[in-house]
Amino acid sequence: MADRPGFLVEQRGTRRDLGAFIVAARFDRAGSLLAFALGDGTLRLVDPADAATWREVAVHDGAVLALAPDTVPGGFVSGGDDGRARRISGDATMSDLGVFGMKWVEQVATHPAERNKGLIACGVGKLVHLFDAEGKKLRELEHPSTVTGLGFDAKGKRVGTSHYNGATVWFVASDSPRRLEWKGSHIGLALHPEGEAVVTAMQENALHGWALPDGKHMRMSGYPGKTHSMSFSRGGKWLASSGSDAMVLWPFFGGGPMGKAPSELAGGDGITCTQVTFHPQQDIVAGGFADGLVVVADVASSRIVPIMPPGGSPVSALAWSQDGGFLAIGTEAGTAGLVDFRARAA
Amino acid sequence: MSQATSDPSYQVPVTVLTGYLGAGKTTLLNRILSENHGRKYAVIINEFGELGVDNDLVVDSDEEVFEMNNGCVCCTVRGDLIRIVGGLMKRRDRFDGIIIETTGLANPAPVAQTFFVDEGVRAKTRLDAVVTVVDAKHVLQRLDDSHEAADQIAFADVIVLNKTDLVTEAELKVVEERIRKINRFAVIHRTERAALPIADVLDRGAFDLGRVLETAPDFLSGADEHEHNEDVTSVSFEVEKPIDPEKFNMWIGMLLQEKGADLLRTKGILAYQNEDRRFAFQAVHMIADGDFIGKWKDGEPRVSKIVFIGRDLNRPQLRRGFEACQVG
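What follows is the structure in C-alpha cells.
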C-alpha cells in the first residue's frame, strides 16, 4: 500500500522491519547511538545520523523488558526476563550489572555521570537495586509489592517508585523514604522535572498525583483505557498521557491540574493513543496510536505534523534524542522508524 | 504442530492449576510439560515446591492480590499476572499457552477475576479452565479444617482426584460424594501419580461462554438431597418459559451485588424471548460476563438453566428469583 503523502518519515526518515515486538527505543547520552530493545532478546543499534548500518546484539535469553542510556555516552543498560541487568557498549561488548535468578528485571533507570558520579537503578520484584556508575551496588530499596515504575529526579538526588497503594520517593543517600499513599494498584510513574509532583498511572483508568512537598492528592480521571505512557514537558508545565483516543495533556501551572480540563491533541478518530513523549527542549509532544499512526504536536498552536502512517500495529516505543534532533519509533509488530528533525544545510 | 503465532487477534489459552500442597500439582504440571504434544507452554509459578518444574519458560511470581476500586467489595485481582501476561506478550511467538500454578493455600477467585477485569489480559488471553488437583487420602481432612480446600473445589472445571491408590474404593466413593456436594458440575478424573490424558486437562474451553454448562451432568436431578452441613454447595434450576432480559438483568445484578461475596461461580444458558440465539452468562463473585452464542437447534427445547456454586445459598429464594424472570 502506498503511503499517503505528507508523512515525515517518508521525506526525512527511514523505516525498517526488525521482526519482533519493539519494547523500547533509547538514544545514548551523546545522541550518537540509538538502540531498539526487542521481545526476541536483542538490541538493534544504529547511528541516527547514518541509518544505513544496523547491528544486532543478543543481550537477553528471553525478552528485553527495559532499556535506558548508560550513565556515560556510548552505551545502554537493559533488563530482561532472564533475570539479568546488563550494560552494553557501542562496540557490542557486554557485562552483567546484576543476575537476579528467575525474577524479571522490569525496570531500569539511570542518571548521567556529569557533575556527580552517575547512578543506575534496577527494579526486580519488590526491590530496587541501586548501583554507582562503576556498577558497584550501593543499596537495596525495599517495597511492599512489585515495583511498576521507576525514575530519578533531574538532579539524581531522589529515586521515585510506584507499587500497590501508592508511590515512594527515596533519597539516594538516606534511609528515610517518603511514602505517598493511595489505595489501589499503581502501574507506572512520572516525576515532575522540577520536583513539584509525583504522578502514577492506576489500574482503574486514572492518574493519581501528589503535589510536593505537601503531598496533596491530585486525581486525573476520564480515561477509557489504562495509561501505559506518561511524559512531562521540559519545565514540567505539561504532563502528556496515553490511554484515551487523543494525547491527553494536563496543565501543571496556574493552579492545575486540579480543577482544570486537560488539553486533548490529535484525537477524534476513536483510535487509542498508546505512547507519548515530550520533546526534550520545546513544548512539542510526539504521540503514537494503536493503529501505528505517529504524530508530533505543538502544544501552543495545537498544530499536528503527521510522522508515520497507520500500519496496523500499535506504537509501543517512542524516544527523542537528547537534543531533539531525532525521533525514534517502534511498533508491536516490529516496525522501527527514525525521523531526522535537524535543520538541513542549504 | 506448534500453534505459536504472531497473529495479534489470537487469544492465548490459560489453564489455572490449583490444589493443596502435596496433592500432586507439580507432578501433573511436569506430566503436561513432558508429554510429546509438540506444544510449548509458559509456566507461571508462585512457590518453589520440592519438585522443580522442567520447562524452558518458567516465571517466578509473587502472588500479589489487590482490591479493585470499582465498587465491588470482593473484586480482588492478581496484579502480578497482569504484568507477567503483558511481558509474555512481547514474545508471544515462543509459546502456545500459559499455565498458572497457584500456591496451595490460594483462593482461585483473584486469578479468575483477573481474566474478566483487566482489558489488556482479556484482549490477549482467554481463561481455558480451572483444574484442581485433590489428594484422595487427605482431602476430607482439608475440607474440615480450611476454607481454601472447598473454594478450590468450588472453582474447578476439572478435578483431578489424585493418589487413588492410597485409598479403598469405598473411601474414594465417600470423597467423590463430598466433592459433588460442593461442586456437582466439574468433571472428575481419578488418577494415580496424576497420570491422565493431557486432553482431559488442557483446551477444555470451560470458561468459553459457548461451552458454559455443556459438561454439566445431572442437570435434572435437582432433587434437594444434600444435607445442609456443607459450607460450599451448588444448586441449579431450569425454567421452560422464555426469559425477559430486563427482568433477568435486574435480578442477577441485584443478586450479585448483594450476595456476590458468597457466590463463587454462576453460570447460565438463557432462552430470551423473541431471540433465536442462546444467551450465555457467567460470573465469578460480582464480576459477570455474558454474550449471545449459537442458535438453538431446531426442535431443541428452549430451556433456560442456571447454576450457582457458593456459600449459604438460599435455594427457595434463588428458585423464586429465577422463575420470576420468565416472561409472564
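For the record, the sequence lines run as chains A and B.
With the numbering used here applied, the first sequence has no gaps in its numbers, which climb one by one up to 347 at the end.
With the numbering used here applied, the second sequence has no gaps in its numbers, which climb one by one up to 352 at the end.
Just so you know, even glycine gets a beta-carbon here, dropped at the ideal spot from N, CA and C.
Predicted model, so just to flag it, every value in this text is computed and none were measured.
Chain E contact for residue i (CB, 8 Å cutoff)
| i | result |
| --- | --- |
| D120 of chain B | Looking for chain E here will not work: the only protein chains present are A and B. |
Residue i classed as buried or exposed, judged by whether at least 16 other C-beta atoms fall within 10 angstroms
| i | result |
| --- | --- |
| D159 of chain B | buried |
| P134 of chain B | buried |
| P315 of chain A | buried |
| G128 of chain B | buried |
| A66 of chain B | buried |
| F254 of chain A | exposed |
| Q137 of chain B | buried |
| R116 of chain A | exposed |
| V100 of chain A | exposed |
| K118 of chain A | exposed |
| I45 of chain B | Note on residue identity: the sequence assigns Leu, not Ile, to residue 45 of chain B. Result: exposed. |
| G161 of chain A | buried |
| A69 of chain A | buried |
| K238 of chain A | buried |
| V24 of chain A | buried |
| M274 of chain B | exposed |
| P325 of chain B | exposed |
| T94 of chain A | exposed |
| E264 of chain B | exposed |
| K319 of chain B | exposed |
| A362 of chain B | Shown here, chain B extends from 25 to 352; a query on residue 362 of chain B therefore has no answer. |
| P263 of chain A | buried |
| D41 of chain A | buried |
| R116 of chain B | buried |
| V219 of chain B | Here the sequence assigns Ala to residue 219 of chain B, which means Val is not the residue at that position. Exposed is the call here. |
| D315 of chain B | exposed |
| K205 of chain B | buried |
| I106 of chain B | buried |
Anticipated Cβ contact below 8 Å, residue i with residue j, distance rounded
| i | j | result |
| --- | --- | --- |
| G337 of chain A | F8 of chain A | Just to set this straight, residue 337 of chain A is Ala in the shown sequence, not Gly. In fact, because the Cβ distance is near 15 Å, the residues do not count as touching under 8 Å. |
| V184 of chain B | V157 of chain B | 5 Å |
| D284 of chain A | S245 of chain A | With a Cβ gap of about 19 Å, D284 of chain A and S245 of chain A do not count as contacting. |
| V277 of chain A | S243 of chain A | 5 Å |
| A287 of chain A | V297 of chain A | 5 Å |
| L208 of chain A | G150 of chain A | With a Cβ gap of about 12 Å, L208 of chain A and G150 of chain A do not count as contacting. |
| G185 of chain A | E205 of chain A | 7 Å |
| P194 of chain A | A155 of chain A | 5 Å |
| L41 of chain B | K49 of chain B | 5 Å |
Sub-8 Å separation of residue i and residue j beta-carbons
| i | j | result |
| --- | --- | --- |
| L288 of chain B | A153 of chain B | no |
| V259 of chain B | I122 of chain B | no |
| V58 of chain A | T72 of chain A | no |
| L337 of chain B | K291 of chain B | no |
| I311 of chain B | F140 of chain B | yes |
| I317 of chain B | L233 of chain B | yes |
| F22 of chain A | K114 of chain B | yes |
| V295 of chain A | I272 of chain A | no |
| G313 of chain A | G289 of chain A | no |
| P74 of chain A | A31 of chain A | yes |
| F231 of chain B | L151 of chain B | yes |
| M203 of chain A | H229 of chain A | no |
Neighbourhood of residue i by C-beta, 6 Å cutoff - its chain only, sequence neighbours within 5 removed
| i | result |
| --- | --- |
| V266 of chain B | Per the sequence shown, residue 266 of chain B should be read as Pro rather than Val. Within the same chain, P266 of chain B has close Cβ partners A295, Q297, V351. |
| R45 of chain A | L19, F37, W55, E57 |
| G284 of chain B | C98, H309, M310 |
| R63 of chain B | D120 |
| G268 of chain A | D246, A247 |
| I121 of chain A | V78, T111, F132 |
| V83 of chain B | I68, I108 |
| Q27 of chain B | A caution first: Q27 of chain B carries a pLDDT of 45, below 50, which makes its placement in the model too unreliable to give a value. |
Sequence-distant residues of the same chain with beta carbon closer than 7 Å to residue i, five excluded per side
| i | result |
| --- | --- |
| G216 of chain A | L181 |
| G76 of chain A | D29, R88, I89, S90, G91 |
| A52 of chain A | T15, L339 |
| I212 of chain B | I183, L185, E200, I203 |
| R363 of chain A | Nothing can be reported for residue 363 of chain A, as the shown portion of chain A is limited to 2 through 347. |
| L244 of chain B | Any reading at L244 of chain B is ruled out, since the residue's pLDDT is 41, under 50, leaving its predicted position unreliable. |
| G277 of chain B | none |
Spatial neighbours of residue i in its chain, beta-carbon cut-off 8 Å, leaving aside the 5 residues before and after
| i | result |
| --- | --- |
| R13 of chain A | V340, D341, F342 |
| H61 of chain B | I222 |
| E141 of chain A | L128, V129, H130, L131 |
| L250 of chain A | W239, L240, A241, S242, P263, S264, E265, L266, V286, V300 |
| P258 of chain A | G210, M219, M221, L240, W251, P252 |
*asked:* I'd like the ranges of any beta strand (DSSP E) spanning at least 3 consecutive residues and lying wholly in the segment 206-247 of chain A.
replied: 207-212, 218-221, 231-233, 239-242
*In chain order, each alpha helix (DSSP H) run of at least 4 residues that lies wholly inside the segment 136-224 of chain B*: 143-148, 163-169, 171-179, 193-206
*Inside the segment 93-157 of chain A only - beta strand (DSSP E) runs reaching at least 3 residues*: 95-100, 106-112, 120-125, 128-133, 138-143, 150-153
*Would you list, in sequence order, the uninterrupted beta strand (DSSP E) runs of no fewer than 3 residues that lie entirely inside the segment 47-73 of chain A?*
51-59, 65-70
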